[in-house]
Amino acid sequence: MWAAEARLLAGEALAGGVRGRGRAAAALRALSHSRPLPLAEEAPGAVGPPGRRALQRFPAAPELARTVARTLRLRPGAGPCVFECNPGPGILTRALLQTGARVVALESDAAFLPHLQSLKNSLDGQLEVVHCDFFALDCNSEILKPPAMLSEHLFEGLGIQEVPWTADIPVKIVGFLPSRREPHTLWRLLYSLYQRLSVFSYGRIELNMFLSEKEYTRLVSKPNEKKYQALSVLWQIACDIELLHMEPLSSFVMNSRNCVPQKSKKVESPSNLCLVKMTPRKDLFSESLTPLNSTFFFHLVKQSFVKHKFKLMDNLNLWNPFDGENILKRLKRQEDDTFNSLFPHEFKYLFEAMEGSQSFSQMWLFENVEQLTSKS
C-alpha cells in the first residue's frame, strides 16, 4: 500500500473513535509496510524552514550508543518492548536491536523515515517504524495526522495490551527530552502518570530519558536544598529515579537542515546530559491517593511551595482547622517546621491523613491559592 493511502486510512480510523480501533491497527500496519516516498510526497510541509524544525539529538558514535544500550539492561525475547523516541539516523536504534529487544522507532521527522524503514526491512520483525511524535501523543487537536497520534491507536496497532498497575513493566521509553521544553514536558508526563492517562493507562511505563544536568539535579533535590520544589516532590513520590549514565554534550550531534547530524555550534550550559531511568512505583496509589483525586494532591504540593518557608501549622489551620494539630503530631513535626523541610513521602502522608479527616475540604485548596500568593 502506498504511504498516502495508508495515511488516509489512519486518519479515517482516528476520526472513528472506538469503532475505528480495528481500522487504526490496520492503518498502523499499513504505514509500517508502506513504500518510502520522496520527502515532499511523504509529508508535505513537514520540513519547513530550518529554524522551525524540532531540534533532535543523537549519539555521535556507535560506541556511545552501545554504552547506552548496555546501561538499559534490556532482555531479549520476552522482555518489555522498547519505544525509541526520534531515533533519527538510527545510531542508537542499531545498538538497541543488538541486545535482542523488540524496538519500536517513533520518528516525528518524516525525512528520517526512509532510512529507518530500510533498516526495518533488513530485519525479521524485530523493528517497527511509526511516524509519530511521542511528546505529542494525545495532544488536544481536532484533526490528528502524523506525527500526532492517540496512544490507544499506537498501542493497539502494535498489539500491546493494558496490564494492571502492579504488573511488570510493559514498555520502556528511550529518548531525549525536548531541550527547549524540558520543564513543560516533565510536568505533562507527571500529570499523565498520576491520572493514569495516555501511555500510563497501559501500565507502569518506564521512562529512560536524556535530560540536562540542571533538570536532573532538580528532580533528585532533597529537602531544604535550593532546587527542591514541587516537581522534585511529585517525581520522587511517583518513581524510583536512577542515574544510568552521564555524558558531555560534545558526545552528541544534532539534526541540521538536511537531517544530516552535525555538532552544535552553540555553547550550552550545563555541559552534561544525564540518562535517567524513572520507574513508576507499584505502591504509588492507595485508598487515599487515586488517579481520580490526584489533581487535589498536585494542588496541595504546588501550593506548599508558593511560599516554601511557610510554617506547616499555618497552612494546616487553613486546610484542616479541626485536625491540623493531630496531623502534625503524626508527622512528628514541630509547628514552626516549613514545607521545604518535608520529605516527599511526608507530603503523601500529609495528603492521605487530610483525606481521611472529616473536617478537610478539598475546595479549601483552591480557595486558598490567592491567600498564599499574596503572602509570598
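Each number in my numbering corresponds to the 1-based position in the sequence shown with 600 added. Virtual Cβ for every residue (Gly too), placed ideally from N, Cα, C.
Assuming A705 is part of the beta strand (DSSP E), what are its boundary residues? The sequence position of residue 705 within the sequence shown is 105, counting from 1. Start and end: V703 to E707.
I'd like the list of long-range same chain contacts for C839, defined as Cβ closer than 7 angstroms, with 5 residues on each side in sequence excluded. By one-based count along the sequence shown, residue 839 stands at place 239. Counting only Cβ-Cβ distances below 7 angstroms, and skipping sequence neighbours, we find M878, T879, P880 and R881.
Go through the segment 888 to 930 residue by residue and report every complete run of the alpha helix (DSSP H) that reaches 4 residues or more, in order. 894 to 904 and 912 to 919
Rounded to the nearest angstrom, how far is the Cβ of I841 from that of V820, given a contact under 8 angstroms? For this step, residue 841 is matched to residue 241 along the sequence shown. For this step, residue 820 is matched to residue 220 along the sequence shown. Indeed they touch by this definition, with Cβ atoms about 6 angstroms apart.
Where in the segment 658 to 742 do unbroken runs of the alpha helix (DSSP H), each at least 4 residues long, occur, reported from the N-terminal end onward? 662 to 671, 691 to 698 and 713 to 721
In terms of alpha-carbon separation, which member of S888, F897, R781 and A695 lies closest to L664? In the sequence shown, the residue the question calls residue 664 occupies position 64. Comparing Cα positions, the closest option is A695.
Through-space distance from P680 to P764, alpha-carbon basis: In the sequence shown, counting from the first residue as 1, residue 764 sits at position 164. In the sequence shown, counting from the first residue as 1, residue 680 sits at position 80. Distance between the alpha carbons of P764 and P680 is about 15 angstroms.
Where does the unbroken alpha helix (DSSP H) through K745 begin, and where does it stop? Counting from 1 along the sequence shown, the entry for residue 745 is found at position 145. It is not in any alpha helix (DSSP H) - K745 carries neither H nor E in the DSSP assignment.
W835 to L790, Cα distance in whole Å? By one-based count along the sequence shown, residue 835 stands at place 235. By one-based count along the sequence shown, residue 790 stands at place 190. Looking at the two C-alpha atoms, the distance is approximately 7 angstroms.
On a CA-only basis, which of P783, V729, E806 and H784 is nearest A767? Give me that one, please. Position 167 of the sequence shown, counting from 1, holds the residue named residue 767. With distances taken between Cα atoms, A767 lies closest to E806.
With a threshold of 7 angstroms on Cβ separation, who are the neighbours of P644 within its own chain once the five nearest residues in sequence on each side are excluded? Translated into the one-based positions of the sequence shown, residue 644 becomes position 44. Legend: pLDDT at P644 = 28, less than 50; position of this residue unreliable, no value from coordinates given.
Whole-Å CB distance - L716 paired with F810, under 8 angstroms assumed: As a working note, residue 716 is residue 116 in the sequence shown. As a working note, residue 810 is residue 210 in the sequence shown. That belief does not hold up - the Cβ atoms of L716 and F810 are roughly 19 angstroms apart, past 8 angstroms.
Helix, strand or coil for V855, going by three-state DSSP, please let me know. The count along the sequence shown starts at 1 and reaches residue 855 at position 255. Looking at the sequence itself, residue 855 is Asn, so the reference to Val does not match. Reduced to three states, the DSSP call for N855 is coil.
Given this structure, state the Cα-to-Cα distance separating G700 from D923, to the nearest angstrom. To locate residue 700, count along the sequence shown from 1; it is residue 100. To locate residue 923, count along the sequence shown from 1; it is residue 323. For G700 and D923, the distance between alpha carbons rounds to 56 angstroms.
Buried or exposed, going by whether 16 or more other CB atoms sit within 10 Å of the CB of L737? Here residue 737 refers to the residue found at position 137 when the sequence shown is read from its first residue. By the neighbour-count rule (16 or more Cβ atoms within 10 Å), L737 is buried.
Are the segment 927 to 943 and the segment 911 to 918 touching by the rule of at least three beta carbon pairs closer than 8 angstroms? yes
Chain-order list of residues whose beta-carbon lies under 8 angstroms from that of T693 (same chain, five-residue window excluded): Sequence index remark: in the sequence shown, residue 693 carries index 93 (1-based). The answer, listed in chain order, is E684, P687, V703, A705, L716, L719 and L727.
Could you tell me the alpha carbon to alpha carbon distance between P823 and F896, rounded to whole angstroms? Mapped onto the sequence shown, residue 823 falls at position 223. Mapped onto the sequence shown, residue 896 falls at position 296. Computed Cα separation, rounded: 22 angstroms.
Span separating the alpha-carbon of G690 from that of K827: Residue numbering aside, residue 690 sits at position 90 when the sequence shown is read from its first letter. Residue numbering aside, residue 827 sits at position 227 when the sequence shown is read from its first letter. Between G690 and K827, the C-alpha separation is close to 35 angstroms.
Contact under 9 angstroms by Cβ, V774 with G803: Sequence index remark: in the sequence shown, residue 774 carries index 174 (1-based). Sequence index remark: in the sequence shown, residue 803 carries index 203 (1-based). Not in contact: V774 and G803 (Cβ atoms no closer than 9 angstroms).
With distance defined between alpha-carbon atoms, name the residue in S886, F943 and S812 nearest to R781. Looking up residue 781 in the sequence shown gives position 181. Selected option, being the one with the closest Cα: S812.
Beta carbon of E935, beta carbon of K911: below 9 angstroms? Stepping through the sequence shown from its first residue, residue 935 is reached at position 335. Stepping through the sequence shown from its first residue, residue 911 is reached at position 311. Yes, these two residues count as a Cβ contact at 9 angstroms.
Please go through the same chain and pick out, in chain order, the residues whose beta-carbon is closer than 8 angstroms to the beta-carbon of T938, but skip the five residues on each side of it. On the sequence shown, position 338 is the one that residue 938 refers to. Only H908, K909, F910, K911 and L912 meet the Cβ criterion.
Where L819 sits in the DSSP three-state scheme: Indexing the sequence shown from 1 puts residue 819 at position 219. The answer is helix: DSSP assigns L819 an H, G or I state.
Based on the DSSP secondary-structure assignment, which residues constitute the bridge partners of L875? Taking the sequence shown and counting its residues from 1, the one referred to as residue 875 is at position 275. Looking at the DSSP assignment, L875 forms a beta bridge with F810 and H845.
Please determine, among M954, S751 and F735, the residue with the shortest C-alpha to C-alpha distance to S888. Numbered from 1 along the sequence shown, position 288 holds the residue referred to as residue 888. Ranking M954, S751 and F735 by Cα distance to S888 puts M954 first.
Starting from the C-beta of R673, find all residues in its chain whose C-beta is less than 6 angstroms away, skip the five residues before and the five after it, and write them out in chain order. If you number the sequence shown from 1, residue 673 lands on position 73. For R673, where only same-chain residues beyond five positions count, there are no Cβ hits under 6 angstroms.
So who's on the other strand from V771, going by DSSP bridges? The residue given as residue 771 occupies position 171 in the sequence shown. Answer is C681, bridged to V771.
If you compare alpha carbons, which of N855, E825 and S801 is closest to L750? As a first step, residue 750 is located in the sequence shown; it is residue number 150 there, counting from the start. The shortest C-alpha separation from L750 is found at S801.
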